[in-house]
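Under the numbering used here, the sequence shown has 256 at position 252, and the numbering climbs by one with no breaks. Ideal Cβ positions, reconstructed from N, Cα and C, are used throughout, including at glycine. In this text, all values refer to a predicted model and were calculated from it rather than measured experimentally. What follows is a single structure, written as structure tokens, with notes after it.
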Amino acid sequence: MNKKSFISSFLIVGMLISNNIVYAGGVTNAEISNNTPKLQQIVASYNAKFVDMRGDTLLGYNKQTKVNEDITITTVLNRLKNEGYLPVEKQYLKYTSTFGRRGTLASEDTPVESIAIHTGLDIAAANIENSNAYNVLDGKVEKVIHGNTGYGNHVIIDHGEFRTYYAHLNKVENLVEGQPIKGGEKVGEVGNTGRSTGPHLHFEINIGYTAVDPEVFIPYITKTSSVIAELDTKVQENSKVVVKEDILQKATRGSSLIPKIEKAPEIQATPKVEKKPEAKVEAYELTLDPPVETKSSSEAIPFDFSKPKKAYAFEFDFQD
Numbered sequence: 005m006n007k008k009s010f011i012s013s014f015l016i017v018g019m020l021i022s023n024n025i026v027y028a029g030g031v032t033n034a035e036i037s038n039n040t041p042k043l044q045q046i047v048a049s050y051n052a053k054f055v056d057m058r059g060d061t062l063l064g065y066n067k068q069t070k071v072n073e074d075i076t077i078t079t080v081l082n083r084l085k086n087e088g089y090l091p092v093e094k095q096y097l098k099y100t101s102t103f104g105r106r107g108t109l110a111s112e113d114t115p116v117e118s119i120a121i122h123t124g125l126d127i128a129a130a131n132i133e134n135s136n137a138y139n140v141l142d143g144k145v146e147k148v149i150h151g152n153t154g155y156g157n158h159v160i161i162d163h164g165e166f167r168t169y170y171a172h173l174n175k176v177e178n179l180v181e182g183q184p185i186k187g188g189e190k191v192g193e194v195g196n197t198g199r200s201t202g203p204h205l206h207f208e209i210n211i212g213y214t215a216v217d218p219e220v221f222i223p224y225i226t227k228t229s230s231v232i233a234e235l236d237t238k239v240q241e242n243s244k245v246v247v248k249e250d251i252l253q254k255a256t257r258g259s260s261l262i263p264k265i266e267k268a269p270e271i272q273a274t275p276k277v278e279k280k281p282e283a284k285v286e287a288y289e290l291t292l293d294p295p296v297e298t299k300s301s302s303e304a305i306p307f308d309f310s311k312p313k314k315a316y317a318f319e320f321d322f323q324d
């Protein structure tokens, strides 16, 4: 190896060790070369502070000022305890990377704060990829971001007192920023987008600008979204039955949707009555000769055979 190549290799190795930034679910060269039990214990002791609740406060990491700070969690804890849903189904609730400083120290003298901090909880298990990621509590959609850097495809939900992040999604639901969203509602599908070394859900809780350890809150959450899915299925099935019955009921009573057809009355045939012929009578006026003066029998009235006499008759005409 010539001098130029040696110097280049030395610089690259030095950069890898000094720039000890850990991607979600990943490791660095520093972790491999300095993975000693004693150095691990120093980091573990430091991170234990993030899960140590002191009354109603918890130590968190302010993402804006880059320092640790105590923050009150009573309201957030109570809401998640009473109304919260798990971000994934129970069978996937396994952690591959927890909250806190991540990586190992170069030496015992190295400040723990010099290594990267993981501001969320990485949830991963066998076959978790493309499974559903769920919103944990009622709120509204603050941001929907598509990309392949950092958090990758991710959704941020505003719950009022705090926000939750769902990162590295393969697929994001058709959500619109500002729209309300229910607890237990699907936000996307678990994936491997952005700075990620394997399929997992990066779940994060921020109170203001301070990230706190989700592992503190998850044990208090009892609801799962599978219950919601089951209820939705039952509601849909019942709705179909109700609609079907409603249509049938309306049809039987002649609704406007299905017009009732009135049955035409049956016409009974009446026997044909033969019409009887009407009798036509042609009448002739009966006129009498002027009255005859009655004379005594001794006076004979001569009969004049030269004058014709009227004949009177009645004619009956029968027609069919």
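Bounds of the alpha helix (DSSP H) holding residue 83 are 78-87. For residue 81, the CB contacts under 7 Å within the same chain, skipping 5 residues up- and downstream, are 221 and 224 in chain order. Under the three-state reduction of DSSP output, residue 221 falls in the helix class. DSSP places residue 46 outside any beta strand (DSSP E); the residue lies instead in the alpha helix (DSSP H), whose first and last residues are 41-52. For residue 184, the CB contacts under 7 Å within the same chain, skipping 5 residues up- and downstream, are 144 in chain order.
The segment 121-135 makes contact with the segment 88-101, as at least three CB pairs between them are under 8 Å. The alpha carbon of residue 103 has as its nearest neighbour, out of 214, 152, 226 and 40, the alpha carbon of 214. According to DSSP, residue 192 shares a beta bridge with 137 and 176.
Straight-line spacing of the CA atoms in residue 97 and residue 41 works out to 27 Å. The beta carbon of residue 186 sits closer than 6 Å to those of 142, all from its chain and outside the five residues before and after it, given in chain order.
Taking a C-beta distance under 8 Å as the contact criterion, residue 154 and residue 199 qualify as a contact pair. Just measuring C-alpha positions, the residue of 84, 149, 164 and 72 sitting nearest residue 174 is 149. Looking from the CA of residue 124, the closest CA among 79, 130, 75 and 167 belongs to 167.
Sequence-distant Cβ neighbours of residue 189 in its own chain, meaning closer than 6 Å and more than five residues away, are 139. With respect to residue 116, residue 106 sits apart: the two C-beta atoms are not nearer than 8 Å. Around the beta carbon of residue 208, a 10 Å sphere encloses 16 or more other beta carbons of the protein chains shown; the residue is thus reported as buried. Per DSSP, reduced to three states, the secondary structure at residue 216 is strand. If you draw a straight line from the Cα of residue 196 to the Cα of residue 128, it is about 11 Å long.
Partner residues in the beta bridge of residue 169, as assigned by DSSP, are 160 and 208.
The three-state reading of DSSP puts residue 200 in strand, counting E and B together. Note that the C-beta distance between residue 88 and residue 216 is not below 8 Å. In terms of CA proximity to residue 229, 191 leads the group 122, 219, 204 and 191. Taking a C-beta distance under 8 Å as the contact criterion, residue 180 and residue 157 do not qualify as a contact pair.
The DSSP-derived three-state label of residue 71 is strand. Only exposed fits residue 71, as fewer than 16 other CB atoms lie within 10 angstroms of its CB. Beta-bridge analysis with DSSP links residue 150 to no other residue. The criterion of a C-beta distance shorter than 8 Å is not satisfied by residue 76 and residue 204. In the DSSP assignment, residue 125 falls within the beta strand (DSSP E) that extends over 125-127.
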